[in-house]
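Taking our numbering, the leading residue of the sequence shown gets 19, the next gets one more, and so forth.
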Amino acid sequence: MITNKLVNALRFLSADAVERANSGHPGMPLGMADIAEVLWRNHLNHSPENPKWFNRDRFVLSNGHGSMLIYSLLHLSGYSLSIEDLKDFRKLKSKTPGHPEFGVTEGVETTTGPLGQGIANAVGMALAEKILAEKINTPNIKPIDHMTYCFLGDGCLMEGVSHEAMSLAGVLELNKLICFYDSNGISIDGKIDPWYKDDISKRCEAYGWNVINNIDGHNRDDIDQAIKKAKVSKKPTMIVCKTSIGYGAGAKQDSESSHGAALGSEILSELRQNLSWPYEPFELDEEIYQHWDAKPAGMAKEKKWNSICEQLKTEDPQKYDVLTRLSANKLPEEFNLKFDSFIKELTQNENAFATRKSSQIVLEFLQSNLPELIGGSADLSGSNNTNSKSSISLNENADGNYIYYGVREFGMNAVMNGMALHGGVIPYAGTFLVFMDYGRNAVRMAALMGIRVIFVFSHDSIALGEDGPTHQPIEHLTTLRSTPNMHTWRPSTLVETAVAWKNALKNKEGPSSIILSRQNLENFSVSNVKDLELGGYFVSENEEAKINLIATGSEVSLAIKAEKILKQDGLVCNIASIPCLETLLENEDQYKRIFNKDKTNIVIECAHPNSWYKHTKHVIGIESFGESGTGGDLMNHFGFTPEKIATKVKKLV
19 MITNKLVNAL RFLSADAVER ANSGHPGMPL GMADIAEVLW RNHLNHSPEN PKWFNRDRFV
79 LSNGHGSMLI YSLLHLSGYS LSIEDLKDFR KLKSKTPGHP EFGVTEGVET TTGPLGQGIA
139 NAVGMALAEK ILAEKINTPN IKPIDHMTYC FLGDGCLMEG VSHEAMSLAG VLELNKLICF
199 YDSNGISIDG KIDPWYKDDI SKRCEAYGWN VINNIDGHNR DDIDQAIKKA KVSKKPTMIV
259 CKTSIGYGAG AKQDSESSHG AALGSEILSE LRQNLSWPYE PFELDEEIYQ HWDAKPAGMA
319 KEKKWNSICE QLKTEDPQKY DVLTRLSANK LPEEFNLKFD SFIKELTQNE NAFATRKSSQ
379 IVLEFLQSNL PELIGGSADL SGSNNTNSKS SISLNENADG NYIYYGVREF GMNAVMNGMA
439 LHGGVIPYAG TFLVFMDYGR NAVRMAALMG IRVIFVFSHD SIALGEDGPT HQPIEHLTTL
499 RSTPNMHTWR PSTLVETAVA WKNALKNKEG PSSIILSRQN LENFSVSNVK DLELGGYFVS
559 ENEEAKINLI ATGSEVSLAI KAEKILKQDG LVCNIASIPC LETLLENEDQ YKRIFNKDKT
619 NIVIECAHPN SWYKHTKHVI GIESFGESGT GGDLMNHFGF TPEKIATKVK KLV
């Protein structure tokens, strides 16, 4: 029967590629192949000729260790992934890396591997679809109308991030999200009963999900009917599929031994016999390719969608223009000019603000001018100042622009990654800098994928005060600056904060972190705003100076005051502010001016000093945890007053 051949093509491409690489995970592809075949051939709307078609269904492999399953699906469906690419599985610079990677393989929607984050990304994709549908669709014309499908396993559900994201999905009623739980009862350490007995169905029901139980994951009719039911639900759906890991693999079926290692020639031979597979490794007949080829159907669906867009252009040209712009991930045509004018106005504001308040002032402008900017906070909106007068709760209004994530830092970050991957929206959200650790891996994944997500981290130093060392970040700036492809902005004034936001929005190739103070910071004038965009600039400069005092954020005003004390003692200093070290490093000439080899360069930052030693041997920082007390008392205790900074500078020179 042809259907069996189509399913088994997935199984053997996967198992043979793992065997050739002598590395990988054959068990999951063998177990989920039936589900994948039904979904991809009967339900998934996609276009291999145009993998970025905006209204395609999104497919996420949260259990990313089974990557050969998606590579086999992409190859058979007609994407730009050849048999030779499959043979190169897990080789350096191949299009088939060990875990799926966004930007490496056409058709892969997100990088997965760290379990649980894929389902959170899928929640973000479904949320982005819902947001855009509300903004663009009309009662008669619906150019935004697609599903998000996600495969996940026991490991994903054990990870806490799945709880955070799935709970949020239930609250937001993301009914276009359909998940398939690969319920095979096995993880790396063996049968999961001794360590995992969650009733997943009841758990999902408690979240407000629709649950379709006890589906035979190897019965295509059951799977097909379950998907049809899920599509008409008003809630997100979990389809619980009972499967056998390593299906057909003899003694390795239903065993952890098929999870994370090649099956071996003997078991592979037995697998071929059990599934009546007559072909040699990587050998398929033309009939299999013809039945799998999704290109004609994909082009037809895309053509139909294009006609829907033309109808929208006629009925509502304004919405059509928004769709065209957002689907291309472009900012409004006049936006940069408007933002520059806004920043120019801010230079006239001489008030002292906490930079979290400065950020809120900037967000008021941004939310009024960027409908695609979707904000949020992990239950700290009033502290992070991530909301503004223009914020409308998405939790209560489908046309909103602000999400109350609750205390779900990891889920929030991973959901934002999914929103950014979907496209058409620009997500940002906030928490305290110290709680970046809760969602750290999603921050890393954003950088790894090179996607535009804006992380807002407030309460950035010991100066936050009485909440004590549990809430006072020390090592976090070093962690962020050590993350490849991350731009970390720590502004010191209202204008620097606006420039940080401008650059974060402009950077489409990776995430940005905007680091904000709790306390008010003294303002100072800037002669040329364009200098700020270099990532570092001189606040004051003197030809006679032999010392460069270099600071970030709240310590810039300290450096300015310390310089006056030092001047009285005959030490002439330049003052430099570095709101973003990564941006400064991209501007080599400016970097060499600030870190001048002919001067004594001293960095002042109320954080761990490790991110600076590459640039200078002189750093005034903190290498211990903080304490509980007023912000002023703590700054004095740890030596961050103008007088104590001046004393330390004298010792260094």
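Beta carbons: idealized from backbone N, C-alpha and C, even for Gly. From a predicted model like this one, the values you see are computed outputs, not experimental measurements.
Anyone know if the C-beta pair for residue i and residue j falls short of 8 Å?
{"i": "Cys598", "j": "His477", "result": "no"}
{"i": "Thr365", "j": "Val517", "result": "no"}
{"i": "Ser510", "j": "Ser558", "result": "no"}
{"i": "Thr497", "j": "Phe475", "result": "no"}
{"i": "His164", "j": "Arg59", "result": "no"}
{"i": "Leu233", "j": "Lys215", "result": "Before going on, a small fix: residue 233 reads as Ile here, not Leu. Cβ atoms of Ile233 and Lys215: not closer than 8 Å."}
{"i": "Gly418", "j": "Ser411", "result": "yes"}
{"i": "Gln378", "j": "Asn403", "result": "yes"}
{"i": "Asn132", "j": "Met463", "result": "According to the sequence as given, residue 132 is Pro; it is not Asn. Result yes, Cβ atoms of Pro132 and Met463 sit closer than 8 Å."}
{"i": "Ala594", "j": "Asn628", "result": "no"}
{"i": "Thr130", "j": "Gly121", "result": "no"}
{"i": "Val513", "j": "Ile361", "result": "yes"}
{"i": "Ser399", "j": "Tyr422", "result": "yes"}
{"i": "Ser262", "j": "Thr373", "result": "no"}
{"i": "Ser572", "j": "Ala438", "result": "no"}
{"i": "Gly235", "j": "Glu177", "result": "no"}
{"i": "Met317", "j": "Ser65", "result": "yes"}
{"i": "Ile257", "j": "Val56", "result": "no"}
If you compare alpha carbons, which of the options is closest to residue i?
{"i": "Gln537", "options": "Cys591, Gln308, Met653", "result": "Met653"}
{"i": "Gly208", "options": "Lys249, Ile218, Lys270, Glu147", "result": "Lys270"}
{"i": "Ser276", "options": "Pro47, Lys375, Val25", "result": "Pro47"}
{"i": "Gly268", "options": "Pro161, Met256, Thr255, Gln291", "result": "Gln291"}
{"i": "Asn413", "options": "Asn402, Gly116, Gly393, Leu289", "result": "Gly393"}
{"i": "Asn202", "options": "Ile472, Cys174, Glu182", "result": "Cys174"}
{"i": "Phe643", "options": "Leu398, Ile492, Ile565, Glu527", "result": "Ile492"}
{"i": "Thr332", "options": "Asn40, Ile159, Ile361", "result": "Ile159"}
{"i": "Lys253", "options": "Leu195, Glu284, Tyr297", "result": "Leu195"}
{"i": "Asp397", "options": "Asn415, Leu381, Val380, Val425", "result": "Val425"}
{"i": "Gly507", "options": "Leu466, Met454, Asp485, Thr601", "result": "The sequence shown places Trp at residue 507, rather than the Gly named in the question. Checked all of Leu466, Met454, Asp485, Thr601; the closest Cα to Trp507 is Thr601."}
{"i": "Arg470", "options": "Val258, Val126, Lys526", "result": "Lys526"}
{"i": "Glu67", "options": "Ala432, Glu55, Leu99, Ala346", "result": "Leu99"}
{"i": "Thr123", "options": "Tyr97, Phe353, His633, Asn354", "result": "Tyr97"}
{"i": "Glu562", "options": "Leu589, Lys579, Asp549, Gly136", "result": "Leu589"}
{"i": "Phe353", "options": "Gly178, Ile421, Asn521, Leu28", "result": "Asn521"}
{"i": "Lys615", "options": "Ser629, Ala625, Thr634, Ala51", "result": "Thr634"}
{"i": "Glu484", "options": "Ile20, Met454, Gly650", "result": "Gly650"}
{"i": "Ile622", "options": "Ala39, Gln490, Ile663, Lys582", "result": "Ile663"}
{"i": "Thr255", "options": "Gly266, Arg374, Leu192, Tyr297", "result": "Leu192"}
{"i": "Lys548", "options": "Asp217, Ser359, Ile204, Val56", "result": "Ser359"}
{"i": "Val2", "options": "Ala244, Phe371, His440", "result": "Outside the shown range of the chain, which is 19 to 671, sits residue 2, and nothing can be said about it."}
{"i": "Ile162", "options": "Lys356, Gln243, Gly442", "result": "Gly442"}
{"i": "Trp310", "options": "Ala54, Lys632, Arg38, Gly457", "result": "Ala54"}
{"i": "Trp213", "options": "Lys246, Cys222, Ser205", "result": "Ser205"}
Check the DSSP bridge columns for residue i and list the partner residues they point to.
{"i": "Met176", "result": "Its beta-bridge partners do not exist; DSSP assigns none."}
{"i": "Arg536", "result": "Note: Arg536 sits in no beta bridge, so no partner."}
{"i": "Tyr167", "result": "Phe77, Ile196"}
{"i": "Thr255", "result": "Ile196, Asn228"}
{"i": "Phe371", "result": "Leu539"}
{"i": "Lys260", "result": "Ser201, Asp234"}
{"i": "Trp58", "result": "None, per the DSSP bridge assignment."}
{"i": "Thr130", "result": "Per DSSP, none; premise fails for Thr130."}
{"i": "Thr123", "result": "According to DSSP, which records beta bridges pairwise, Thr123 is partnered with nothing at all."}
{"i": "Thr506", "result": "Ser531"}
Less than 7 Å separating the Cβ of residue i from some heavy atom of the ligand NAP?
{"i": "Asp242", "result": "Although the ligand NAP was asked about, the structure shown includes no ligands whatsoever."}
Take every Cβ of the stretch 180-191, pair it with every Cβ of the stretch 213-228, and state whether three or more of those distances are shorter than 8 Å. Contact between the stretch 180-191 and the stretch 213-228 is present, because at least three Cβ pairs lie under 8 Å.
When the Cβ atoms of the stretch 139-159 are set against those of the stretch 93-108, are three or more pairs found closer than 8 Å? As far as the Cβ criterion goes, the stretch 139-159 does not touch the stretch 93-108, which means the pair count is below three.
Validate contact between the stretch 167-182 and the stretch 73-85 using beta carbons, cut 8 Å, 3 pairs: yes
Suppose only complete runs of 4+ residues qualify. What are the alpha helix (DSSP H) ranges in the stretch 386-459, listed by chain order? 399-402, 427-440
Start-end ranges of the alpha helix (DSSP H) lying completely within the stretch 294-339, minimum 4 residues: 304-310, 313-333
Stretch pair the stretch 606-619 + the stretch 554-569: three plus CB contacts closer than 8 Å: yes
Within the stretch 187-235, ranges of the alpha helix (DSSP H) (whole runs, at least 4 residues): 218-225
Please go through the stretch 342-369 and give each complete beta strand (DSSP E) segment of 3 or more residues, from N-terminal end onward. Whole beta strand (DSSP E) segments, 3+ residues: zero.
Say whether the stretch 316-325 touches the stretch 134-141, bearing in mind that this needs 3 or more beta-carbon pairs closer than 8 Å, one atom from each stretch. no
Runs of alpha helix (DSSP H) lying entirely within the stretch 472-501, each at least 4 residues, in chain order: 494-499
Note down, one range per segment and in chain order, each alpha helix (DSSP H) of at least 4 residues found wholly within the stretch 511-598. 512-524, 547-550, 573-586
Whole beta strand (DSSP E) runs in the stretch 602-664 with 3 or more residues, listed along the chain? 618-622, 636-638
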